[in-house]
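Visitor: Input: one structure, supplied below.
In the working numbering, the protein residues as written are 1143 to 1719.
What follows is the structure in C-alpha cells.
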C-alpha cells in the first residue's frame, strides 16, 4: 500500500510567459508556495508526491518542492501500491518506490503497463516479435506470471480473469495457478460476483458467476461492470445506442432507450438523449436518474455531467457551469460560472476548468487566482489575450498586440491574427456538427521580432480524430510588418530550390519510416516556417508527407548552411540581429 499522508491544500496553477506556460502550486489563499518553474505537472497524489516536467523530462517533488526523483525520465506513471513505473527513453521501463529508489536493476521493453493491484501489475509484451501477450509483474519487479495471455485483468481478492491462447478464458490465482476455465473467448473483470462474457468476440454479452453458470443470458451488444448492484448494458443492433441499467438478475432498472448512461456515484446516474437522433455523434443532453428505482430526477437539461464527489456533481448547461446536489438541481450555496467545463471543490477553494482555462475561487465565488492575460514585450508594448466564443462548440483564444506607436499598423496586425485563428462571424445558437478550438503561444522573441504560433483543431463529431492546424506569424512589433519566408532571402535567389534539395537529401539519408518519400515535391514559395536564434525551421502539414500520427514534420536548417542566400540587410534578418 502506498503511504497515506496528510496532503496539504496545494493546487496546480499556471502563468503564461514568453517561454511558454509555466506551472507551480498555490495554497488555499492563492499564495505561491512552489514557484512556476515546471513545463507541466500533476496534482499531488495521496502519498504527498507530484510528477513534474522540466526540459521535456519528468521527476517527482514533495510538498516543499524538493526533488525526490530528479527530472531524468521520459515519463513517470502514477503510484499504486507504493510503486511507480518510470520510462528511461530508449532503455526501457523500471520500477521505483516512493523514495525514488529503483527496486530492480532490470529494465522492461514492455509495450503496456497497468497499475499495481494486490502487488501484481499487468504488462503487455511483443513475444518473439510475433504477438502481443499479457503477463504480470510482482512488487519486487519480478515476472511472476510470464506473458502468455490474450488479455488480462487486474487482480481482485487474489483472483483475476485472463484470456487463454486456445480461445477460452480462465480464473487464475496470484501465481498464475489456474482455478477455473471458461468456454468464452472474451470476459470482463470480476465485479460483485458476476463476470461479463462473450462466447466469441462476435457474439452478444451476458453474465456468469465465478463457477461459470450463466446468470444473465447473452442478449446485450455490450455489458459493463457491476457497481453497487447495477450495470450498464446496451441492447442496440446498430449505431443508435440503446443503453439501460440492470440489476444482478438482469431486470431493467432504467429501460434500454438512452443514447448514453454513466454511473455517477451516490446512487445516481446520468442518462442521455441524442440531440439529433439521426446523427448521435452530434452530442447529447443529460438527465439525472436515481439508480435504486430508475426514477428521473430532472428533465434532459444538462450538456455535461461529472461524477459526484460527496454531495455535489459538476454540470454544464448552455453557457454556464455549476454544482448540482443529489436532487439534480443547482446547489444554491455555491457559485455559478460563465463558460463550459468542470468545477471541483478543493479544500476551501473551487477549482474551475472552464473554457479550457484554470482558475480558483472561494466558495462565495470571489476570484482567488486566474492565469494572466497580459504578456509584456518592451516598454508599453504587450500581448493581450482575448477570447472568442460565439457558441459552445467554438472557442478561440487569440493574441492582440497593444501599445504600438503606429495604431494603423497595430490594427492591421491584430486583424491578421484574428483572421488566421478563425475569429469570424458565426451563429450563436443552433446545432453544430463539429467543434473548433484555437490557441496561441510565443514561438520566438528577440529584439523587434515576435514569432507567434497559432494552433487550432477542428473536430467533426464522430470522426476518429480532429484535424490540427498551425501557422507561425513573424511580426516586427515596432513597424507592424508581417514577414514571409521569401523575406529572409535576397531577391532573385534560388532559395526554394536549395531548401527543397536540403530537405530532400535529409529524407533520403534518414530513410524515415514515417515519411512517405514519394509525396515529397519540394517546398512552396511561402512555405510554412518559423525562425529561431540559429535555425530556419521548415514544416509540413499532417498528411503532406506522413500520417496524421506524425503531426507536423519539421526540418531544422542551420543558418550557416544557407548563409549565402540570406539577405542580412533585409528587414526580417535585421529585426532579430
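C-beta atoms are modelled at their ideal positions from N, C-alpha and C, and glycine is treated no differently.
Everything numeric in this text was worked out from a predicted model, so none of it was measured.
DSSP three-state call for residue 1529: helix, strand or coil?
Guide: The answer is strand: DSSP assigns residue 1529 an E or B state.
Visitor: What runs of the beta strand (DSSP E), each 3 residues or longer, lie entirely inside the region 1313 to 1381?
Guide: Segments of the beta strand (DSSP E) lying fully in the region 1313 to 1381: 1320 to 1324, 1336 to 1340, 1347 to 1351, 1356 to 1362, 1364 to 1369, 1372 to 1376.
Visitor: Would a C-beta distance cut-off of 8 Å place residue 1183 and residue 1193 closer than the cut-off?
Guide: Yes; because the gap between Cβ atoms is below 8 Å, this pair is in contact.
Visitor: Roughly how many whole angstroms lie between the Cα atoms of residue 1708 and residue 1631?
Guide: Cα to Cα, residue 1708 sits roughly 4 Å from residue 1631.
Visitor: Out of 1432, 1495, 1362, 1277, state which residue places its alpha-carbon closest to the alpha-carbon of residue 1464.
Guide: Minimum Cα distance to residue 1464 is reached at 1495.
Visitor: Do residue 1317 and residue 1307 have their CB atoms nearer than 8 Å?
Guide: No, the pair does not count as a contact, with Cβ atoms beyond the cut-off.
Visitor: How do the region 1574 to 1594 and the region 1604 to 1618 stand: do at least 3 beta-carbon pairs fall below 8 Å, yes or no?
Guide: In short, these stretches touch, since the Cβ pair count reaches three.
Visitor: Assuming the contact rule is C-beta atoms closer than 8 Å, residue 1516 and residue 1543 should be a hit. Round their C-beta distance to whole Å, please.
Guide: Going by Cβ atoms, the distance from residue 1516 to residue 1543 rounds to 11 Å, so no, they are not a contact pair.
Visitor: What are the boundary residues of the beta strand (DSSP E) that residue 1282 is part of?
Guide: Here residue 1282 belongs to no beta strand (DSSP E), and DSSP marks it neither H nor E.
Visitor: With DSSP collapsed to three states, give me the class of residue 1144.
Guide: Legend: pLDDT at residue 1144 = 49, less than 50; position of this residue unreliable, value from coordinates given subsequently. DSSP places residue 1144 in coil when its eight states are reduced to three.
Visitor: Among all the DSSP beta bridges, which residues are the ones paired with residue 1457?
Guide: Residue 1457 is bridged to 1447, 1464.
Visitor: With DSSP as the reference, label residue 1700 as helix, strand or coil.
Guide: Residue state, collapsed to three classes: strand.
Visitor: Quick one: using the 10 Å Cβ neighbour count with 16 as the cut-off for buried, is residue 1598 buried or exposed?
Guide: Residue 1598 is buried by the Cβ-count criterion.
Visitor: Helix, strand or coil: which one does DSSP assign to residue 1660?
Guide: If DSSP states are grouped into helix, strand and coil, residue 1660 belongs with the helices.
Visitor: Check whether the region 1527 to 1537 touches the region 1621 to 1631, counting contact only when three or more Cβ pairs, one atom from each stretch, lie closer than 8 Å.
Guide: No, the region 1527 to 1537 does not touch the region 1621 to 1631.
Visitor: Following the continuous beta strand (DSSP E) through residue 1521, name the residue where it begins and the one where it ends.
Guide: Per DSSP, residue 1521 belongs to no beta strand (DSSP E) and is neither H nor E.
Visitor: Just to confirm, is the Cβ distance from residue 1289 to residue 1275 under 8 Å?
Guide: Taking 8 Å as the Cβ cut-off, residue 1289 and residue 1275 qualify as a contacting pair.
Visitor: Let me check one thing: in DSSP terms, what residues is residue 1220 bridge-paired to?
Guide: DSSP, once it has assigned bridges, lists no residue as partnering residue 1220.
Visitor: Between which residues of its own chain and residue 1711 is the CB-CB distance below 8 Å, once the five residues before and five after are set aside?
Guide: Hits under 8 Å: none found.
Visitor: DSSP three-state call for residue 1673: helix, strand or coil?
Guide: In this structure, residue 1673 counts as strand in the three-state DSSP scheme.
Visitor: Going by the DSSP bridge assignment, what does residue 1691 pair with across the sheet?
Guide: Residue 1691 is not bridged to any residue.
Visitor: Give the DSSP-derived three-state secondary structure of residue 1705 in the structure shown.
Guide: Looking at residue 1705 - three-state DSSP - the assignment turns out to be coil, as it is neither helix nor strand.
Visitor: Rounding to the nearest angstrom, what Cα-Cα distance links residue 1394 and residue 1285 in this structure?
Guide: Spanning the two alpha carbons is a distance of roughly 43 Å.
Visitor: If you reduce the DSSP assignment to three classes, tell me which class residue 1232 lands in.
Guide: Helix.
Visitor: Based on Cα-Cα distance, which residue from 1682, 1388, 1475, 1304 lies nearest to residue 1348?
Guide: The candidate whose alpha carbon is nearest that of residue 1348 is 1388.
Visitor: Mind checking residue 1340: buried by the 16 CB within 10 Å criterion, or exposed?
Guide: Per the 10 Å Cβ criterion, buried.
Visitor: Among residues of its own chain, excluding the 5 on either side of residue 1649, which ones have a beta-carbon nearer than 7 Å to its beta-carbon?
Guide: Closer than 7 Å at Cβ, skipping near neighbours: 1657, 1659, 1662.
Visitor: What would DSSP say about residue 1561, mapped onto helix, strand or coil?
Guide: In this structure, residue 1561 counts as helix in the three-state DSSP scheme.
Visitor: Where does residue 1177 land, buried or exposed, given buried means 16+ other C-beta within 10 angstroms?
Guide: Result: exposed.
Visitor: For residue 1417, which residues in the same chain have their Cβ closer than 8 Å to its Cβ, ignoring the five residues on either side in sequence?
Guide: So the qualifying residues of the chain are 1424, 1425, 1426, 1427, 1573.
Visitor: Let me confirm a value: residue 1211 is counted as buried when at least 16 other C-beta atoms fall within 10 Å, else exposed. Which label applies?
Guide: Burial call: buried.
Visitor: Report the residue from 1185, 1179, 1152, 1158 whose alpha carbon sits nearest the alpha carbon of residue 1172.
Guide: The shortest Cα separation from residue 1172 among 1185, 1179, 1152, 1158 belongs to 1152.
Visitor: Measuring CB to CB, does residue 1336 end up less than 8 Å from residue 1384?
Guide: The answer is no: Cβ separation not under 8 Å.
Visitor: For the putative contact between residue 1678 and residue 1699, defined by C-beta atoms under 8 Å, what is the C-beta separation to the nearest angstrom?
Guide: Contact flag correct, Cβ pair sits at about 5 Å.
Visitor: Exposed or buried, residue 1355, counting other C-beta atoms within 10 Å across all chains shown (16 or more means buried)?
Guide: Flag for residue 1355 reads exposed.
Visitor: Among 1568, 1589, 1692, whose alpha-carbon lies nearest the alpha-carbon of residue 1610?
Guide: Residue 1610 has its Cα closest to that of 1692, out of 1568, 1589, 1692.
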